[in-house]
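Asker: Below is the structure I would like to discuss, written out as C-alpha cells.
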C-alpha cells in the first residue's frame, strides 16, 4: 500500500502496465528527413524518440580523415535540450555524447561493408528528440534502419535491447524510471549470424544473473529484428509500387500515395 | 545564409525566371506565395509548450523546425529586475546542413540565436506572469529551437515555430508560502501558514514577505503566458532589383543579392510594431524603396498573423475540447 512506484508489482505488472518481457510500442518511420539525406529513419521505443540521417558514401570534407582501403564512418549525436525532464544543453564536446558516439561507431564499423567504398566517408547524424530510457538501444536500431534505407551494404541488421534485473526477475526494454533503479545491460545482436556486436553495462550485476539476461536480450533482439525487417520491406514495396505506377494509366483508386 | 554554391548560369536562370512576366519559379508558385505550412503544437511532452513546423514538403524535404519552451525556477538577485527572464537558443542539426563544417555550423547557430534572442527577449514583449515571488524567485523561460531541415526561409520558420511554442506555453500556478509571527497566540510561534488566495504569487502591488512557494494541485497544467497575441512573426523579403519575393528556397536565396528581414508584432490588428529589422546579404537599398517595402511587409505579416492565430486556436481546440469530447464519447 505504499505510495512509492513499484518496479514490478505482485500481479507481475510493471509501472507502465507492461509484463516482464513485454517490449514498448515500437514505431518506425522511414520517410525522408533532413536536407537531402541519402537515408533516414525515425524510431520510437515508447516515449524515447530518435531520428537518424545518413549521408554518403560521399567525398570527405577533410581529406586527412579518409582511408585508402575503406570508408570512414563518422557518427555525430546531438541531444535536444528539451528531450529530458530537466533542461540541459549538451554541446559537441560533452563526455556523455562523445562516449555514446564512440560506442555506436565501434558497433557499426564492423557491420558496414566499408571496404566497398575506399577513400570516402559515411556520415551518420543522430538527433535525440525525447528520452525515456533505452537511449543507446534506440540509437542503434534507428541507425541500422537509416543505413538500410540509404542502401549502404551491411553484413546484417544490428538489433539492440536493454534488459534489467529486479531482485531475481528479469525485465526487458526499460523505461527511464526502471533504468535509474535497476542494474541493466544493453545487448546488440546480429540476428542472422547470432553474433553479438555490443554489450554495454554501466551498473553492477550479479554474474549468475548475467547469463540469463544476456540470453533473454538476445531473444528480444530477434523480435525487434522482425519488426525492423517488416518496416524496411513495407517501405521498399511502397517505393517499388510508386515506381511501377509511373507511366501507367491511372488504374482507379489504387494510385500509391507517394512522396516522389 | 547557408552557403549553397550555385553556378553563375543557374543564378541568372533563376533571376530571369523571377523577373519574367509572368514570373516563373521552379515550383510553380507566384512571387508572393508561401509553400504549404504544417504546424502541430504539443509535440514535446516534457516541455511546458512546444511546436513543430514544416514549410513545404517534397522529395528534398522542406524546412523543418521544432521549438520547445521549458520553465525553470530562478533566484532573482537584482533588486529592481523585472520578473522573469527569457532565453532563446537555436541549435541546428548537422543533418540540415550536411555541407557545413562543425565550426561553420556553430557560427550559424550563433547568428540565428542572436536574432531570435534579441527580438523575443525585448522588454516590450515581456509577459507579466513570469514572476513567482516578487524580487526573490521567478521563472526563467528557456525557448529552444531545433532546425531539423533547412530548405530555405529559415527565419520565417523559426519565428513562426517560436510563436507557436510560446502560445502553447502553460505557466504552472504557484502559491506563496510565508511565515507569520503570531500576534495573539504565543504557543504556535513560527508556524507555517499557507495563503488561501491562489493568485497572490503574482500580485506585485502589496509588499509580500513570502519566502517560498508551492505548486497547488490543479486540473490543468497552468495558465497561458500573458500577452501571447503579441509574439511577433517574421517575413523575409528577397530582393532581386525591381521585384521582391517571399519564401525563397535555398537556390533562390543563393541567387538574390540581398534580403530584408522584418519582424512585426500585432498586439491589435490595427497597430503593428516593428520589433526587429535586418538586411541580410551584400546588396544595397535606397530609402524610398525601403519605405515601400516596409508597407508591403506589414501587409504580408497581417495575413500571416491572422492565419497563424487561427491555426493556433484550432490546435488549442483540438488538444483540449475535442480531445475531451472524444474521451467522453469513447466506447
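Protein chains in written order, with UniProt numbering: chain A, 1 to 260; chain B, 1 to 331.
Even for Gly, the Cβ is constructed at its ideal location relative to N, Cα and C.
Strictly below 8 Å CB to CB, what residues from chain B border residue 273(A)?
Answerer: The structure shown does not extend to residue 273(A), since chain A is modelled only from 1 to 260, so the question has no answer here.
Asker: Beta-carbon separation of residue 34(A) and residue 103(B) under 8 Å?
Answerer: Locating residue 34(A) in the first chain gives position 34, counting from the first residue. Locating residue 103(B) in the second chain gives position 103, counting from the first residue. No, Cβ-Cβ distance for residue 34(A) and residue 103(B) is not below 8 Å.
Asker: So with CB distances below 8 Å, who are the chain B contacts of residue 34(A)?
Answerer: Residue numbering aside, residue 34(A) sits at position 34 when the first chain is read from its first letter. In chain order: 61, 93, 95, 96, 98, 148 and 149.
Asker: Using the Cα positions of residue 263(B) and residue 86(A), report the straight-line distance between them to the nearest angstrom.
Answerer: Residue mapping note: residue 263(B) aligns to position 263 of the second chain, counting from 1. Residue mapping note: residue 86(A) aligns to position 86 of the first chain, counting from 1. Cα to Cα, the separation comes out at about 31 Å.
Asker: I believe residue 45(A) touches residue 134(A) by the beta-carbon criterion, under 8 Å. Please report the beta-carbon distance rounded to the nearest angstrom.
Answerer: By 1-based counting over the first chain, the position of residue 45(A) is 45. By 1-based counting over the first chain, the position of residue 134(A) is 134. So it is a contact: roughly 5 Å between Cβ atoms.
Asker: Straight-line CA distance for residue 230(B) to residue 24(A)?
Answerer: Working through the second chain from its first residue, we reach residue 230(B) at position 230. Working through the first chain from its first residue, we reach residue 24(A) at position 24. Cα to Cα, residue 230(B) sits roughly 41 Å from residue 24(A).
Asker: With DSSP as the reference, please indicate the residues paired to residue 272(B) in a beta bridge.
Answerer: Counting from 1 along the second chain, the entry for residue 272(B) is found at position 272. Paired residue(s): 266(B).
Asker: Spatial neighbours of residue 122(A) within its chain, please: CB distance less than 6 Å, with the 5 preceding and 5 following residues excluded, ordered by chain position.
Answerer: As a working mapping, residue 122(A) is identified with position 122 in the first chain. Scanning its chain for C-beta atoms nearer than 6 Å, with the 5 sequence neighbours on each side dropped, one finds around residue 122(A) the residues 56, 57, 71 and 73, in chain order.
Asker: Identify the continuous alpha helix (DSSP H) that holds residue 227(A) and give its terminal residues.
Answerer: On the first chain, position 227 is the one that residue 227(A) refers to. That run of the alpha helix (DSSP H) goes 207 to 244.
Asker: Who pairs with residue 72(B) in a beta bridge, going by DSSP?
Answerer: Taking the second chain and counting its residues from 1, the one referred to as residue 72(B) is at position 72. Note: residue 72(B) sits in a beta bridge opposite 140(B).
Asker: With a CB to CB cut of under 7 Å and the five nearest residues on each side skipped, what residues in its chain are close to residue 257(A)?
Answerer: Your numbering for residue 257(A) matches position 257 in the first chain. Residue confidence is low: residue 257(A) scores 48 on pLDDT, short of 50, so the model does not pin down where it sits. No coordinate-derived value is stated.
Asker: Could you tell me whether the Cβ atoms of residue 284(A) and residue 28(A) are closer together than 8 Å?
Answerer: Not covered by the structure: residue 284(A). The range shown for chain A is 1 to 260.
Asker: In three-state terms, what does DSSP make of residue 298(B)?
Answerer: Along the second chain, one-based indexing puts residue 298(B) at 298. Helix.
Asker: Contact between the stretch 161 to 171 of chain B and the stretch 48 to 56 of chain B is defined here as three or more beta-carbon pairs at a separation below 8 Å; is this criterion met?
Answerer: yes
Asker: Does residue 225(A) pass the burial test, meaning 16 or more other C-beta atoms within 10 Å, or should it be called exposed?
Answerer: To locate residue 225(A), count along the first chain from 1; it is residue 225. Burial call: buried.
Asker: What span of residues does the beta strand (DSSP E) with residue 91(B) cover, start to end?
Answerer: Along the second chain, one-based indexing puts residue 91(B) at 91. Its beta strand (DSSP E) spans residues 85 to 92.
Asker: Compute the Euclidean distance between the alpha carbons of residue 218(A) and residue 180(A), then round it to the nearest angstrom.
Answerer: Indexing the first chain from 1 puts residue 218(A) at position 218. Indexing the first chain from 1 puts residue 180(A) at position 180. Computed Cα separation, rounded: 22 Å.
Asker: Compare the C-beta of residue 101(B) against all C-beta atoms of chain A and say whether one is closer than 8 Å.
Answerer: Locating residue 101(B) in the second chain gives position 101, where the first residue counts as 1. With 8 Å as the cut-off, residue 101(B) counts as an interface residue toward chain A.
Asker: With a threshold of 8 Å between beta carbons, is residue 159(A) in contact with chain B?
Answerer: Taking the first chain and counting its residues from 1, the one referred to as residue 159(A) is at position 159. So, not an interface residue.
Asker: Would you list the residues sitting across from residue 146(A) in a DSSP beta bridge?
Answerer: Locating residue 146(A) in the first chain gives position 146, where the first residue counts as 1. The partner list for residue 146(A) (beta bridge, DSSP) is empty, contrary to what the question assumes.
Asker: Residue 202(A) versus chain B: which residues are under 8 Å apart at the beta carbon?
Answerer: Locating residue 202(A) in the first chain gives position 202, where the first residue counts as 1. The premise fails here: residue 202(A) is roughly 23 Å from chain B at the closest Cβ pair, so nothing lies under 8 Å.
Asker: Short of 8 Å Cβ to Cβ, which residues in the stretch 110 to 138 of chain A face chain D?
Answerer: Within the model displayed, chain D is absent; protein chains A and B are what it includes.
Asker: Based on the DSSP secondary-structure assignment, which residues constitute the bridge partners of residue 55(A)?
Answerer: The residue you call residue 55(A) lines up with position 55 of the first chain. Paired residues: 123(A).
Asker: Sort 328(B), 309(B) and 329(B) by Cα distance to residue 41(B) and report the nearest one.
Answerer: Locating residue 41(B) in the second chain gives position 41, counting from the first residue. Closest by alpha carbon: 309(B).
Asker: Measure the CB-CB distance between residue 147(B) and residue 96(B) and report whether it falls below 8 Å.
Answerer: Position 147 of the second chain, counting from 1, holds the residue named residue 147(B). Position 96 of the second chain, counting from 1, holds the residue named residue 96(B). In contact: residue 147(B) and residue 96(B) (Cβ atoms closer than 8 Å).
Asker: Whose Cβ in chain B lies nearer than 8 Å to the Cβ of residue 41(A)?
Answerer: Here residue 41(A) refers to the residue found at position 41 when the first chain is read from its first residue. Result: empty, since nearest Cβ-Cβ is about 12 Å, beyond 8 Å.
Asker: With a cut-off of 8 Å, does the C-beta of residue 87(B) fall near any C-beta of chain A?
Answerer: Numbered from 1 along the second chain, position 87 holds the residue referred to as residue 87(B). It does not: the Cβ of residue 87(B) has no partner Cβ on chain A nearer than 8 Å.
Asker: Can the beta-carbon of residue 312(B) be found less than 8 Å from the beta-carbon of residue 164(B)?
Answerer: Stepping through the second chain from its first residue, residue 312(B) is reached at position 312. Stepping through the second chain from its first residue, residue 164(B) is reached at position 164. Result yes, Cβ atoms of residue 312(B) and residue 164(B) sit closer than 8 Å.
Asker: Return no unless some Cβ of chain B is closer than 8 Å to the Cβ of residue 78(A).
Answerer: In the first chain, counting from the first residue as 1, residue 78(A) sits at position 78. With 8 Å as the cut-off, residue 78(A) counts as an interface residue toward chain B.
Asker: In or out: residue 330(B) buried (at least 16 other Cβ within 10 Å) or exposed?
Answerer: Walking along the second chain from the start, residue 330(B) turns up at place 330. With fewer than 16 other Cβ atoms within 10 Å, it is exposed.
Asker: Are the stretch 110 to 120 of chain B and the stretch 23 to 41 of chain B touching by the rule of at least three beta carbon pairs closer than 8 Å?
Answerer: no
Asker: Which of the three DSSP states, helix, strand or coil, is assigned to residue 313(B)?
Answerer: Translated into the one-based positions of the second chain, residue 313(B) becomes position 313. Residue 313(B): helix per DSSP, three-state reduction.
Asker: Residue 46(B) versus chain A: which residues are under 8 Å apart at the beta carbon?
Answerer: Position 46 of the second chain, counted from the first residue, corresponds to residue 46(B). The answer, in chain order, is 82, 83, 84, 85 and 130.
Asker: Assign residue 117(A) to one of two classes, buried (16 or more other C-beta atoms within 10 Å of its C-beta) or exposed (fewer than that).
Answerer: Within the first chain, numbered from 1, the residue matching residue 117(A) stands at position 117. Residue 117(A) should be labelled buried.
Asker: For residue 6(B), name the three-state secondary structure that DSSP assigns.
Answerer: Taking the first residue of the second chain as 1, we reach residue 6(B) at position 6. Residue 6(B): coil per DSSP, three-state reduction.
Asker: Considering only residues of the same chain and omitting the five flanking positions on each side of residue 182(A), which have a CB-CB separation below 8 Å?
Answerer: To locate residue 182(A), count along the first chain from 1; it is residue 182. 7, 164, 165, 166, 171, 174 and 203, listed in sequence order.
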